[in-house]
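Residue numbers (the working numbering): 1 to 122.
Don't be surprised by glycine CBs; every beta carbon is placed ideally from N, CA and C.
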Amino acid sequence: MPNRRMRGSVLFIAGLMGVFGVAAAAAASHGTDPRLIGGASAMCLAHAPALVALHAGWSHFRTAAIAALLLALGTALFAADLTMRHFAGHGLFPMSAPLGGVTMMAGWLAVALGALLPRKAD
Numbered sequence: 001m002p003n004r005r006m007r008g009s010v011l012f013i014a015g016l017m018g019v020f021g022v023a024a025a026a027a028a029s030h031g032t033d034p035r036l037i038g039g040a041s042a043m044c045l046a047h048a049p050a051l052v053a054l055h056a057g058w059s060h061f062r063t064a065a066i067a068a069l070l071l072a073l074g075t076a077l078f079a080a081d082l083t084m085r086h087f088a089g090h091g092l093f094p095m096s097a098p099l100g101g102v103t104m105m106a107g108w109l110a111v112a113l114g115a116l117l118p119r120k121a122d
């Protein structure tokens with residue numbers, strides 16, 4: 001059952017990322033320097049649909065859970081750091097954006113690995 005609960009959480013997180021991505025894009029269009037918050041928006045709007053796709057293929061994709069976890073965590077770290085830099089003038093914690101970026105890359109590698117593994121049994 002934890003896997004089923006996690007699957008539902010992935011769709012919920014995708015929705016939150018979508019909302020934040022649109023809100024951050026709006027903030028970027030009204031700010032004096034849109035680069036940081038615009039980057040946070042782009043990462044959220046790029047990874048939210050990936051999480052939706054992982055949710056949709058969950059039952060047939062062996063690495064869906066780990067890929068979703070890594071993409072969600074990495075995107076959250078990266079976007080939170082850029083957002084803090086934009087609004088507070090400092091990052092979330094030292095190296096949080098690079099850590100988030102590496103975590104997102106690991107998530108995409110998990111997606112790629114999933115293509116090489118046999119499908120889950122129906």
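Measure the beta-carbon distance from residue i to residue j and round it to whole angstroms, keeping in mind my assumption that it falls under 8 Å.
i	j	result
H47	M6	Not quite, the Cβ-Cβ distance comes to about 17 Å (not below 8 Å), so this is no contact.
A68	V10	5 Å
Near residue i, which residues of its chain fall below 6 Å by C-beta distance, leaving aside the five closest residues on each side in sequence?
i	result
A14	A48, L51, V52
A25	S41
Which class does residue i belong to by DSSP, given the choice of helix, strand or coil?
i	result
M1	Any reading at M1 is ruled out, since the residue's pLDDT is 45, under 50, leaving its predicted position unreliable.
F93	coil
D33	coil
G57	coil
T63	coil
L117	coil
Residue i: which of the options sits nearest, CA to CA?
i	options	result
G31	H86, R4, G107, R62	H86
A110	G89, G74, G91	G74
R4	A65, L45, G21, V19	A65
Under 7 Å from any heavy atom of the ligand SAM, does the C-beta of residue i make it?
i	result
A25	Questions concerning the ligand SAM fall outside what the structure shown contains, since it holds no ligand whatsoever.
Where residue i and residue j are concerned, what is the direct C-alpha to C-alpha distance, given to the nearest angstrom?
i	j	result
G38	T83	9 Å
A79	L113	25 Å
L36	F93	16 Å
Could you pull out every residue in the same chain whose Cβ sits closer than 7 Å to the Cβ of residue i, ignoring the five residues on either side in sequence?
i	result
F12	none
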